[in-house]
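Protein chains in written order, with the working numbering: chain D, 1031 to 1503; chain V, 1031 to 1503.
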């Protein structure tokens, strides 16, 4: 018989490889059953239902497709941002939330204007660099000799004599040895965030910054820069390929850069957070928030940053409805406006919440992309953290079969202002390896998002919210 | 001062998010230090060196770029396979191994021939289906009415009366609810592996199979099919989009398919495993094998399957040399030929090894793609497994900071024949979510591989091999 040959033959053992994991799965479910009793078993089954619902019938990918293509590039203050507010509210209006509303917030209104142009001049030749003006940077024109530096301190040490009249080129790469790419970003982003201000303070006429990515490619990465009390001067990021080229060229001799940007900081405008909730049956006044930020940089689709977090969050409540799960606590989905350049939405939300004497028992933000989930990082005021975190770690046997861990660490920029309410703040942590391939670029579009990875993220967040709701914190 | 605003201001706390992970990293290193003493600390430092070497100066991505583009589509028995043997040997010859050699093996020689054509005929219209003939399937022409089934059992139940003269269409999807995609593959691949043989046994003139993927797209997935004693008949996989269309069309009425394939099973030929090793200083007769398979399906570049495993394996020895690490045990890199349609290389290797009375203390295979590592699954004969696996789990504090776990489970098709030597067999387990987006398709090319993810895989494998070498098993 063919099947028996198939089953016993060494020749085709490669086909059998996959089955070994079935054993592993049953092993995991078994250990849950042994570890606890009936309620754990109920939880394991309900979590399995959550995953099944989202992997078979989830809406998050379709929502993200529309949000990031039809409403892509939705910087706070822009028309796209306003349209994205109405679009996501219309989704919430139609999927069975108890209450849906907009919450006003004040946001800055920066516009890029016409495309920036950055050219290198050397040996009588001109090379166009792939560049993108930094958010908040002013429009302007400059042409000057380039000086390459690797840190803010280097600019300060070099001082006005060396810097005045020049274009400063920050070129410290993100460190590829960092396993979590966010660490590498954290170790380099000061060059973009305050590098232009420091350069300006010492007399530079403009700044170019190496893009924040470990990829070597031709894609420039934008992001916010802050001038504070320093004079705003034109500032742009250039692609890592162009940064490497420029650095090599500077070793051979003098290079001038001519740069033209068209950014404009217009008067602040009113925008909105989009909020929807399911009222808790037992503890309606204890809120569990799940959210992401609705705004994105203007040059891409904001698919991973942070369309993914928005659709993750809406999917949580959608799935609860689909599974006829009535939460004990109020589950509130918040899509924050203006995370990228000011946190207007996060601040307005916390202010209103404190004024209304609300209590957020937990708040979870997804703002690290739509990649395969690896777990959650958990934060709270010191005096309340330990016992609640310990309680959460007791859920690990239910989460580990899905590849999820819990660690102590930061949560999210938009929910951090709620920390004073002394609830637990949670950051969703997907795999970080590809995040900075797309972050703040024209490539952060729907084709950069894998549907299964996005859905697994939504399912993992829904599962944790379910456990928090069931057991309280 | 700008920096102090930057550091304390709520407004820019989003820039600080990344730094929280620095704390986590130091926390992890600290717990290693406390858990064990000096040697663990030494190990942690050496593993960090391994990651640094590969993430900053690894060769594996460049090797894979060449292997999968210049030598892409290297089915055993093909000219590309022969050229890939010489290419990978030439790499090994130049990177400082103690010994490099080819090992003969006998492999089947199937050729696809001219492109296959599969057309659906309905209501006087014709629609071309995106299709790929299955490996080992014969050339031939057929035109007949389609009958849709969802399992091999269904064909057997329907019997000859219903099946004879028809084209059988297997359309059971991979189950998207499975968290690990290999489980979903395992639950569907019998339709491709033996479905055509069963259909043929009951008189079908040809078979079409839904492609093995959870993606809904237009890309057909090939793979081996086995006729055994049943009469070989033409067999092709069609894309999931076309399978969905065909299924919907069949609900409306009769559909005929015309199909033409050009496969030929030629006489077996001699091919080669490519082997390189570093001799152990203390236990040269105890072998630690690390390998992948060099052959791939003919229609893509074999980048994830299994170019990734080959370059992972070469990188292990390369990095040991780069770090001047002299292993105590013999570390042997084996690139196996013919995993995809016969395991000729794996069988020849085990046979020669047993004949030479070798002992493989451990063998690790990477054959699940070049994605972010999640850990290893470990297998061995029952009587030796438990104490050695327990010893390996004591290394977890060194591996977990890199997101790596150890589980009991299958290893790899090529190394499985070594199980009788009673060493530990280990399968590298990267994230599985995107694997079946590319598996056995024309899309399995270098652009489907992320450099960092590939390098992290190589570093995680090197780290485990280092620990096995240092402590023995």
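Glycine included, C-beta positions come from ideal geometry on N, C-alpha and C.
Closer than 8 Å at the beta carbon, the chain D residues around residue i
i               : result
residue 1081(V) : 1207 and 1209
residue 1094(V) : The premise fails here: residue 1094(V) is roughly 16 Å from chain D at the closest Cβ pair, so nothing lies under 8 Å.
6 Å CB neighbourhood of residue i in its chain, flanking five on each side removed
i               : result
residue 1161(D) : 1146, 1148, 1250, 1266 and 1268
residue 1439(D) : 1407
residue 1043(D) : The predicted model places residue 1043(D) with a pLDDT of 34, which falls under 50 and marks its position as unreliable; any figure quoted below should be read in that light. Excluding positions up to five away in sequence, the list is empty.
residue 1103(V) : 1110 and 1328
residue 1158(D) : 1149
Where the beta strand (DSSP E) through residue i begins and ends
i               : result
residue 1310(V) : Where residue 1310(V) is concerned, there is no enclosing beta strand (DSSP E), given that its DSSP letter is neither H nor E.
residue 1407(D) : 1403-1409
residue 1435(V) : 1435-1438
residue 1157(V) : 1155-1159
residue 1360(D) : 1359-1366
residue 1432(V) : Taken as a continuous stretch (DSSP letters only), residue 1432(V) belongs to no beta strand (DSSP E), as it is neither H nor E.
residue 1390(V) : 1389-1395
residue 1198(V) : 1197-1200
Chain V residues whose Cβ lies nearer than 7 Å to that of residue i
i               : result
residue 1085(D) : 1206 and 1207
residue 1480(D) : 1463 and 1464
residue 1433(D) : 1404
residue 1252(D) : Correct list: empty, because the minimum Cβ distance to chain V is about 14 Å.
Closest residue to residue i among the options (Cα-Cα distance)
i               : options                               : result
residue 1489(D) : 1396(D), 1475(D) and 1111(D)          : 1396(D)
residue 1379(V) : 1401(V), 1469(V), 1448(V) and 1312(V) : 1448(V)
residue 1188(D) : 1433(D), 1233(D), 1173(D) and 1203(D) : 1233(D)
residue 1194(D) : 1201(D), 1180(D), 1175(D) and 1212(D) : 1175(D)
residue 1314(D) : 1220(D), 1361(D), 1262(D) and 1324(D) : 1361(D)
residue 1309(D) : 1351(D), 1335(D) and 1270(D)          : 1351(D)
residue 1435(V) : 1444(V), 1450(V) and 1461(V)          : 1461(V)
residue 1291(V) : 1140(V), 1466(V), 1420(V) and 1270(V) : 1140(V)
residue 1069(D) : 1098(D), 1166(D), 1424(D) and 1478(D) : 1424(D)
residue 1456(D) : 1296(D), 1390(D), 1088(D) and 1471(D) : 1390(D)
residue 1246(D) : 1235(D), 1090(D) and 1270(D)          : 1270(D)
residue 1196(D) : 1179(D), 1207(D) and 1183(D)          : 1179(D)
residue 1509(D) : 1211(D), 1208(D) and 1381(D)          : There is simply no residue 1509(D) to check, as chain D begins at 1031 and stops at 1503 in what is shown.
residue 1124(V) : 1483(V), 1143(V), 1252(V) and 1089(V) : 1089(V)
residue 1366(V) : 1126(V), 1486(V), 1453(V) and 1112(V) : 1112(V)
DSSP beta-bridge partners of residue i
i               : result
residue 1265(D) : 1237(D)
residue 1290(V) : 1147(V) and 1171(V)
residue 1186(V) : Looking at the DSSP assignment, residue 1186(V) forms no beta bridge with any residue, so it has no partner.
residue 1152(D) : 1155(D)
residue 1303(V) : 1133(V)
residue 1219(V) : In the DSSP output, where bridge partners are listed per residue, residue 1219(V) has none listed.
residue 1176(D) : 1197(D)
Chain-ordered chain V contacts of residue i [CB-CB under 9 Å]
i               : result
residue 1101(D) : Chain V residues near residue 1101(D): none, gap ~21 Å exceeds 9 Å.
residue 1475(D) : Within 9 Å Cβ-Cβ: nothing; residue 1475(D) doesn't reach chain V, min ~16 Å.
Span of the alpha helix (DSSP H) around residue i
i               : result
residue 1489(V) : 1481-1501
residue 1133(V) : First-last for residue 1133(V): 1129-1141, but that is the beta strand (DSSP E), not the alpha helix (DSSP H).
residue 1099(D) : 1090-1099
residue 1429(D) : 1426-1429
residue 1245(D) : Note, residue 1245(D): premise wrong, no alpha helix (DSSP H); not H, not E.
residue 1116(D) : 1109-1124
residue 1460(V) : Unbroken run through residue 1460(V) is the beta strand (DSSP E), 1454-1460; no alpha helix (DSSP H).
residue 1329(D) : Counting along the chain, residue 1329(D) falls outside any alpha helix (DSSP H), and DSSP gives it neither H nor E.
residue 1466(V) : 1465-1468
residue 1346(D) : 1338-1352
Chain-order list of residues whose beta-carbon lies under 8 Å from that of residue i (same chain, five-residue window excluded)
i               : result
residue 1080(V) : 1349, 1353, 1489, 1492, 1493 and 1496
residue 1230(D) : 1237, 1257, 1260, 1261, 1262 and 1263
Proximal chain V residues relative to residue i, where beta-carbon distance stays under 8 Å
i               : result
residue 1483(D) : 1463 and 1464
residue 1471(D) : In chain order: nothing, as chain V lies at least about 15 Å away.
residue 1244(D) : 1482
Contacting residues, own chain, Cβ-Cβ under 7 Å from residue i (five flanking each side not counted)
i               : result
residue 1083(D) : 1349, 1352 and 1353
residue 1056(V) : Its pLDDT being 39, under 50, residue 1056(V) is placed unreliably by the model, and nothing is read from it.
residue 1468(D) : 1334, 1474 and 1478
residue 1114(D) : 1097, 1101, 1104 and 1324
residue 1095(D) : 1476
Under 9 Å from the C-beta of residue i: neighbouring residues of chain D
i               : result
residue 1237(V) : Within chain D, no residue comes near residue 1237(V); the closest Cβ sits about 14 Å away, beyond 9 Å.
residue 1486(V) : 1209 and 1463
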